[in-house]
Every structure is written in structure tokens, then in C-alpha cells.
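Chains as they are written, first to last, in my numbering: chain A, 1 to 314; chain B, 1 to 257.
Even glycine gets a Cβ: it sits at the ideal position worked out from N, Cα and C.
Note that the structure is a prediction, hence the values are computed from the model and not measured.
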């Protein structure tokens with residue numbers, strides 16, 4: 001049985017009159033990649049910064065491996081490493097100096113610090129940028145420097161706030177592999193993102209946060225299954241119309257949308273219904289050109305749960 | 001928590017601030033040059049203010065003042081960086097590190113002290129050349145005065161920088177502090193001139209940390225023997241202690257929201 005890496009209990013954070021996070025309760029288990037999904041301003045970053053002891057809860061508490069962020073903040077900081085959404089460096093800083101100092105402050109000796117910094121910089125393709133000043137780096141490279149801090153630290157809980165924002169597509173895939181490797185080496189990873197593809201690609205469990213409140217939590221398949229009739233059977237058929245009798249039979253499975261010679265049926269557990277649908281087409285002598293079963297996307301889940309479109313909100 | 005861990009954290013934070021300091025060395029040289037130019041203009045043009053009857057040798061008189069100036073400019077630079085870091089939220093990174101808040105604040109203050117100490121070193125050599133070589137006990141007094149003044153300036157600059165995130169306000173406050181500390185002190189003019197200009201308000205200047213430090217430097221470099229060492233040293237200790245406590249409290253309060 002996995003132990004709780006992070007336990008968020010009745011956590012509320014207010015900035016003046018504004019409530020950024022409202023009575024959040026979450027449990028994140030050891031060695032999982034946990035995603036916080038929500039649009040900008042939903043309270044993801046506030047939650048992550050409080051886990052990292054940057055903010056203090058207004059009420060409630062957060063425990064990291066049983067240690068309270070309010071009463072044992074120093075112990076928590078020894079367990080947590082964070083890659084910020086906006087890279088935190090002065091413009092004249094150089095990545096190598098920055099990371100070497102970071103390695104020293106998280107506990108490495110000077111010789112070990114130099115070794116691990118080189119190793120991580122090479123892994124992330126940062127070595128050639130080591131002596132550039134921060135303002136000379138692209139947005140994606142700056143984000144990699146942030147991630148490098150966590151990889152150097154190898155904390156028990158790694159917090160990554162939008163780790164691949166501004167990173168090119170090729171590098172994104174490489175970084176996702178790096179994140180999974182970090183998990184495999186024993187780190188619990190918490191990722192805040194509004195990139196649904198990223199969430200699907202790396203997260204094992206997801207919490208959807210919207211307007212400071214937890215709206216849903218579960219594995220990706222659990223969340224997708226939570227949408228009634230969320231699967232779509234998409235059929236492209238020969239001809240421009242289908243017989244009324246066939247249409248009426250298909251309607252029994254779920255809501256139908258048609259567009260030229262393509263038909264979409266919204267069903268539950270589409271993989272179980274698809275054979276019946278094929279059979280109906282065959283019996284009505286309508287030739288199927290192409291058929292596929294599509295799962296709902298996380299965007300669909302988000303829309304269903306919050307009534308808002310994640311992309312539009314972000 | 002182990003004391004060793006606390007000290008390690010503070011030392012590394014101070015080391016970070018010191019390494020950044022060298023990158024601004026030319027900017028600081030410019031600051032000192034501009035201030036010295038101002039002093040020379042004062043000395044040459046405002047002859048009535050710096051009366052040759054009061055100060056026959058202005059260069060020797062002002063040299064300990066330049067030591068104070070070097071400390072002020074270099075130790076105060078830590079506040080400028082703390083201010084920039086607060087505005088750009090780099091502070092969030094610092095407070096997320098496995099270091100206690102106390103060690104972080106202590107490290108930053110010590111970073112400012114070291115900046116002041118190191119930057120002043122070249123001017124101390126200049127003072128030896130222009131004035132005289134102090135005895136061993138006077139060296140101890142000079143170094144103690146420098147440490148206390150640097151501690152006061154570093155702490156004050158951190159306090160002032162964390163009071164507001166508005167850069168313009170920070171710059172204005174810094175200028176105001178400079179004005180109060182240097183112009184209402186006997187760094188640039190002798191006590192007789194101060195008494196003449198400020199009248200009954202002149203004693204205020206004697207309580208300025210700059211006046212206290214410059215008196216001790218003048219005594220240390222054998223410019224004068226008529227200095228109340230105990231009063232000035234105790235005053236500097238009081239300034240340093242109060243500034244340190246205030247900075248600690250204000251910075252810690254502003255570190256975590």
C-alpha cells in the first residue's frame with residue numbers, strides 16, 4: 001500500500017478579499033505523477049506554492065509525508081523541490097552558476113555539485129547555454145533551467161508548474177520522459193498544467209480545479225468514464241443519406257449528429273456498442289467506409305464538469 | 001535542527017550575494033566616483049562651508065568619510081537586489097529552498113556586510129597611505145567599526161527595500177537616507193561647521209551612525225585624539241543591533257505571504 005506523499009486538508013488561501021483556493025481536500029500518493037488541471041487563475045499555482053511553503057494557508061493545512069507546512073516548514077522544504085511557472089532568476093545570472101549554487105544549497109559538496117550539474121545540463125541540452133546570461137535564453141530554455149533544479153535536487157516530492165510551457169514539441173516529449181524517469185527513481189511528481197495532452201501523456205491521476213475549488217479527481221479513465229455517453233462512434237458511410245429505419249434504430253443507442261456522409265453517435269462504453277452498430281448498417285445495406293470509437297478528451301471532461309471550455313478559459 | 005546546517009545555509013546565501021556583488025563592481029565604482037566628485041566640488045567651491053580655519057587639510061579630513069561612503073554604497077546594494085528580487089518574485093525561489101527563514105535572512109544581511117567590508121578594503125589602504133598606519137589596537141577598532149557600520153547599512157537597506165515594492169519609492173527612500181546620514185553628520189564638515197549651520201539641532205548629527213563611524217576612523221588613523229571612543233562604539237553597537245532586529249523582523253514578515 002502506497003503512503004500519502006501529500007495530504008491537503010480543508011486548505012483555503014485568501015489574498016485580501018480574493019479567495020484563490022477554497023476548502024481544498026486532496027491526497028497524493030507516493031511515486032505517482034499527479035496532475036492539477038485547470039485554467040489560469042484556478043488556484044493551481046497557489047496550491048503548489050503552499051505545498052512548497054512559499055505561501056502560508058489562510059486556513060486548513062497541507063502535510064508532506066506527514067509534516068505540516070505551517071508548523072514544520074523547514075522539514076517540508078527538505079522534502080520538496082519546485083520548478084516554478086515563471087523561471088526565478090535575475091537577468092544577469094548564468095545557468096551554470098545558478099545551478100551549481102542550487103546544488104550546493106540542497107546539500108551537495110562542491111565537487112559533487114559540479115558533477116551533477118553537468119550531468120543534468122547535458123541531459124536537458126543546456127550545457128551549451130551554461131555561460132549565457134539569463135536574458136539571452138529563450139523561454140523554453142529558461143523553463144529547462146527550472147526543471148534542472150528539481151532534477152539536481154532529486155526531492156521526494158517534485159512540484160512542476162507548467163513544466164513544458166514555451167518548450168518546443170520535440171523537447172516536450174523528451175521532458176515528459178525525464179519526468180517519468182524521475183517518478184521511476186522514487187519521486188512523487190505533482191504537475192500543474194492546462195495542457196490536456198500533457199496531462200494525458202504523463203499523469204496517472206488528475207484533479208480538476210476550477211475557480212479555487214476541486215471539481216473532480218481520479219485516474220484519466222475514471223474521469224472519462226464519469227461523463228454519461230461520453231464515447232463517440234464515428235461512422236463514414238457510402239451515399240449521402242441513410243434510411244430512416246436505420247436512423248431510428250441508431251437513435252436508441254444515444255444522441256446522433258450528422259454531417260454530410262458522417263454520423264456521430266454519443267454512447268456509453270462505445271467499444272461494446274460498435275459491433276451492434278456495424279451489424280445494423282449491414283442489415284440495412286449501407287456500406288461503411290470508415291468507423292472509429294473515440295473516447296472523450298480531458299477537454300470534454302473539463303467541459304462536462306465545469307461547464308467551461310478549458311482552452312477558452314486559459 | 002543542527003546549528004551546522006543553519007550556518008551552512010546562511011554562509012551559502014551570503015556567498016551567493018557576494019558573488020553577485022562583483023558583477024556590479026563597475027556600477028559601484030561609478031557611484032563612489034560620483035560621490036567623491038560631489039565632495040571635491042563641495043571642498044573647492046563652497047569654501048565658506050568647509051572653512052580652512054576649521055579644516056586645514058580637507059583631504060585627510062574627508063578620507064575617513066570616504067570609508068563610510070564605500071560601506072554605505074556597497075552594503076546598501078544588498079537592499080537594491082532584495083528589492084528587485086521581491087518585485088520579480090525571485091524571493092519565492094529563495095523561500096522554497098531547504099534553508100530556515102532565519103538562516104536566509106542572516107545570510108542576506110551577512111552578504112551585505114561582506115560587500116561593505118571587501119569594498120572598503122581598497123579605501124582602507126588609501127587611508128593608510130594618506131593618513132597614517134594605525135597601531136594594532138586601533139586596527140581592531142577600525143575593523144570593528146567597519147563591521148558594525150556595514151551591519152547597520154546592510155540591515156537598514158534590507159528593511160527599507162522590503163517596506164515597499166515600488167522601485168521609485170525605494171530609490172527615493174535610499175536617497176533620503178543618504179542625505180540624512182551624510183549631510184546631517186560630521187562626515188563632510190567638522191563639528192564646528194555643523195554647530196554653525198544647524199545651531200541647537202547640531203547634536204542630532206552626533207547620533208548618526210556615520211558620525212560615530214567617522215569619529216572612530218579619524219581616531220584610528222590618528223587624525224585626532226579628541227574622540228569619545230566608548231560613546232561612539234556603544235552608539236554603533238546600538239545602531240547595528242536595532243537595525244539587525246528590525247531587518248530580521250520586517251524581511252521575515254515579507255518573505256512569506
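The Cβ atoms of residue 162(B) and residue 86(B) sit closer than 8 Å to each other. Per DSSP, residue 20(A) is one residue of the beta strand (DSSP E) stretching across 18-29. In the structure shown, the three-state DSSP call for residue 166(A) is coil.
Under a criterion of Cβ atoms nearer than 8 Å, the residues of chain A adjacent to residue 12(B) are, in order, 101, 104, 105. At a cut-off of 8 Å between beta carbons, residue 84(B) contacts chain A.
DSSP lists 24(A) as the bridge partner or partners of residue 11(A). Around residue 130(A), the same chain offers 94, 95, 96, 121 as residues with beta carbons nearer than 8 Å, after the five sequence neighbours per side are excluded. Taking 8 Å as the threshold, the shortest C-beta distance from residue 90(A) to chain B falls below it.
Here residue 150(A) carries a helix assignment [DSSP, helix/strand/coil]. For the 8 Å CB-CB criterion, residue 208(B) and residue 76(B) do not form a contact. Between residue 54(A) and residue 155(B), the gap from beta carbon to beta carbon reaches 8 Å or more. Within chain B, the C-beta atoms nearer than 9 Å to that of residue 82(A) come from 92, 93, 96, in chain order.
Within the same chain, and ignoring the five residues on either side of residue 147(B) in sequence, no residue has its Cβ closer than 6 Å to its Cβ. Taking C-beta separations shorter than 7 Å and ignoring five residues to either side along the sequence, the partners of residue 13(A) in its chain run 20, 21, 46, 50, 55, 57, 58, following chain order. The beta carbon of residue 139(A) is closer than 7 Å to those of 166 in its chain, skipping five residues each way along the sequence.
Of the residues 231(B), 115(B), 142(B), 138(B), the one whose Cα lies closest to the Cα of residue 19(B) is 115(B). Contact between residue 208(A) and residue 38(A) holds, with the beta-carbon distance rounding to 6 Å and staying under 8 Å. Identification of chain B residues near residue 53(A) by a Cβ-Cβ cut-off of 9 Å yields 95, 96, 256, ordered along the chain.
Taking every protein chain shown into account, the CB of residue 287(A) has fewer than 16 other CB atoms within 10 angstroms, so this residue is exposed. Unbroken alpha helix (DSSP H) stretches of 4 residues or longer found wholly inside the segment 88-127 of chain B: 90-95, given in chain order.
Minimum Cα-Cα distance from residue 189(B) among the listed residues 60(B), 149(B), 13(B) corresponds to 60(B). Close CB contacts of residue 31(A) within its chain, under the 7 Å cut and outside five residues either way in sequence, are with 2, 183, 186, 188 (chain order).
About 5 Å separates the beta carbon of residue 217(B) from that of residue 67(B), a gap short enough to meet the 8 Å contact definition. Of the candidates 8(A), 273(A), 205(A), 213(A), 273(A) places its Cα closest to the Cα of residue 229(A). Residue burial annotation: residue 110(A) is exposed, with fewer than 16 other C-beta atoms found within 10 angstroms of its C-beta.
Residue burial annotation: residue 91(B) is buried, with at least 16 other C-beta atoms found within 10 angstroms of its C-beta. Closest by C-alpha distance to residue 201(A), out of 217(A), 35(A), 100(A), is 35(A). Interface annotation for the segment 15-30 of chain B against chain A: 15, 16, 19, 20, 23, 24, criterion Cβ-Cβ distance under 9 Å. Taking CB atoms only, residue 99(B) has a neighbour in chain A less than 8 Å away. With contacts defined as CB atoms closer than 8 Å, residue 98(B) and residue 77(A) qualify as a contacting pair.
The residues 236, 237, 239, 240, in chain order, have a CB closer than 7 Å to that of residue 261(A) in the same chain once the five nearest residues on each side in sequence are set aside. The beta-carbon distance between residue 48(A) and residue 174(A), rounded to whole angstroms, is 23 Å. This is too long to meet the 8 Å contact definition. For residue 96(A), there are no C-beta contacts with chain B under 8 Å, since the nearest C-beta of that chain is about 12 Å from it. Taking a 10 Å sphere around the C-beta of residue 234(B), we find fewer than 16 other C-beta atoms and assign the residue as exposed. Against chain B, the CB of residue 77(A) has a partner CB under 8 Å away; the residue lies at that interface. For residue 212(A), the closest alpha carbon among the candidates 43(A), 25(A), 301(A), 4(A) is that of 43(A).
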